[in-house]
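Worksheet: one structure, shown below.
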Amino acid sequence: MSSPSEFPLSATPREGRKGLLPIAMVLFSFTFFTGTMFAGGKIGMAFDFVDMLWVAFVGNVLLAIYAAALGLIASRSGLNTVLMGRFCFGERGSKLSDFLLGFAELGWYAWGTATVAIVLVKLLALPGWLTIPLMVLFGLGFSITAIIGFKGLDMLSRVSVPLMFILLVASMIIATSHAGGWSGLLAAEPSQTLTFSAAVTMVFGTFASGATQATNWTRMARSGRIAVVASVVAFLVGNGLMIVAGAWCAIVYQNADIVEVMVLQGLSFAAVIMLCLNLWTIQGPTIYNVSAAACHLVRSERRRSMTLLAAGIGIVLAIGGMYEWLIPFLVLLGSIIPPLGGVIMADFWYRNRGEYPALVGRHIPAFNVSGLVSYAVGAGLAYASPWIAPLVGIAASAVCYIVLTEVTRARAPVAEPRA
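Per numbering that gives the first Met the number 0, the sequence shown starts with residue 0, numbered consecutively.
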């Protein structure tokens, strides 16, 4: 059975709440992700230093606001995203959010598992046949901290986050030196092109699914203020640092691969340590998210069993080539995940006036058609939009849900007054 402190199918009670430091540290470790640095590297190759900072700032402010808005709802209700889905999608309709969120995080888990194996074989000049055994080894190993639960994630983050921060700062200092100081860094010219809108979408989209599922931890916050502060710090500062660090080095070396950059800097051993530590830090919360969605999908309390099952599927996807699918995967996530948050926010603040009813009961229909239609509209418009797709998805799904809610209320029969 799952640890009683995890509450996979119920609201987190007051006695299970935590303070700012543990919530912030887990979220901070969640945003310290190598994949984000790769995205930052792409931006660094397409913008000069000042414009890169603006892209990173705008994208991460939007991401932080989105995460904080969901975090506030999570703290007030004690529910995570998949449980909130019961109200806006229905008892059976909420399986849509379970599947989408589980799919998103499982894809990230598979990519991280494949990445660490492939890069280790490359950096350490290991035989190629070791790639698949390493994927199996790391795929199972990464799940250990998630099986332990919040406590394991908290302990890992307290060690990994400071070490990662020191390594990133050292890498940026070395890069600045190789560029010839600040003057050389500011004078560097981009070698690729990318529109400002596309770059902001990339910043937001790389962690849109993570921000949507950060409620797995912000629901454990003792207050809404703690949830908001922890979300803003993690997604603005933590995710922002990863974007800027990747872009900073890419501007100097014109290489988006942060691991290869560290090799060029003479930090090969540090690159190996960083990769393993970084991916272990993120993979634990990632597979934890998958298990939370899976528990709700099948209505099971067996979170640890779901974690192992999810890790097994992630290993299969890693072996199947997930490493090569990152870019189309990111484009897809930027369209299909944020609209979930838009529907949830509209449902909580508009339809339920800032307070959910009981999590079970006849008041929750099997399907909430308004929520399902609104999600489809938001996801469709986001996917087709030339503008910032995540924002389009959030706004469109929220507005559509509010309109459909009013239409439903207007059509509802009025109860006859008693004689």
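Beta carbons are placed, not taken as given, at the ideal position from N, Cα and C, and that holds for glycine.
Query	Result
Quick one: measure Cβ to Cβ for A365 and V251, integer angstroms, because I've assumed they're closer than 8 Å.	Rounded, the Cβ-Cβ distance is 56 Å, inconsistent with contact.
Work out the CA separation of L358 and I42 for me, nearest whole Å.	43 Å
For the alpha helix (DSSP H) holding F98, just list the boundary residues, first then last.	K94 to L122
Taking the continuous alpha helix (DSSP H) assigned at N79, which residues delimit it?	Where N79 is concerned, there is no enclosing alpha helix (DSSP H), given that its DSSP letter is neither H nor E.
For A220, which three-state DSSP category applies?	strand
Assuming A310 contacts I401 (C-beta within less than 8 Å), just tell me the rounded distance between them.	Actually they do not touch by this definition, with Cβ atoms about 39 Å apart.
Taking the alpha carbon of G223 as the reference point, which residue from G58, S74 and A395 has its own alpha carbon closest?	S74
Among E188, A381 and M44, which has the Cα closest to the Cα of I257?	M44
Excluding the five sequence neighbours on either side, which residues of its own chain have a C-beta within less than 6 Å of the C-beta of M305, listed in chain order?	S290, A293 and C294
Please return the same chain residues whose Cβ sits closer than 8 Å to the Cβ of F313, not counting the five positions on each side in sequence.	Residue identity check: residue 313 is Gly in the sequence provided, not Phe. Around G313: L105, Y108, A109, T112, G138, I286 and V289.
Among S230, L8 and G92, whose alpha-carbon lies nearest the alpha-carbon of I363?	G92
In the DSSP assignment, what residue or residues form a beta bridge with K41?	Paired residues: none, contrary to the question.
Are the stretch 210-217 and the stretch 225-238 touching by the rule of at least three beta carbon pairs closer than 8 Å?	yes
Please go through the same chain and pick out, in chain order, the residues whose beta-carbon is closer than 6 Å to the beta-carbon of L276, but skip the five residues on each side of it.	S159
So N288 is in the alpha helix (DSSP H); what residue range does that whole segment cover?	S267 to V297
Kindly indicate the opening and closing residues of the alpha helix (DSSP H) around G392.	A388 to R410
Could you work out which residue in L26, C87 and G101 is closest to A67 when comparing CA atoms only?	L26
What's the call for R13, buried or exposed, on a 16-neighbour Cβ count within 10 Å?	exposed
In the DSSP assignment, find the unbroken alpha helix (DSSP H) run with G140 in it and report its ends.	T130 to G140
Taking the alpha-carbon of T33 as reference, which of L95, S96, V118 and I64 has the nearest alpha-carbon?	V118
Out of N367, S230 and G319, point me to the one whose CA is closest to G18's CA.	S230
Assign R85 to buried or exposed, taking buried as 16 or more other Cβ atoms, counted over all protein chains shown, within 10 Å of its Cβ.	buried
Measure how close the beta-carbons of F234 and G333 come, nearest whole angstrom, since I'm counting them as under 8 Å.	The Cβ separation is near 15 Å, so there is no contact.
Taking its Cβ as the centre, do 16 or more other Cβ atoms sit within 10 Å of A270, making it buried, or is it exposed?	buried
Count the other C-beta atoms from every protein chain shown that fall within 10 angstroms of the C-beta of V227, then say buried if there are 16 or more, exposed otherwise.	buried
Beta-carbon separation of A244 and S170 under 8 Å?	yes
Please report the straight-line C-alpha distance between G341 and M36, rounded to a whole angstrom.	27 Å
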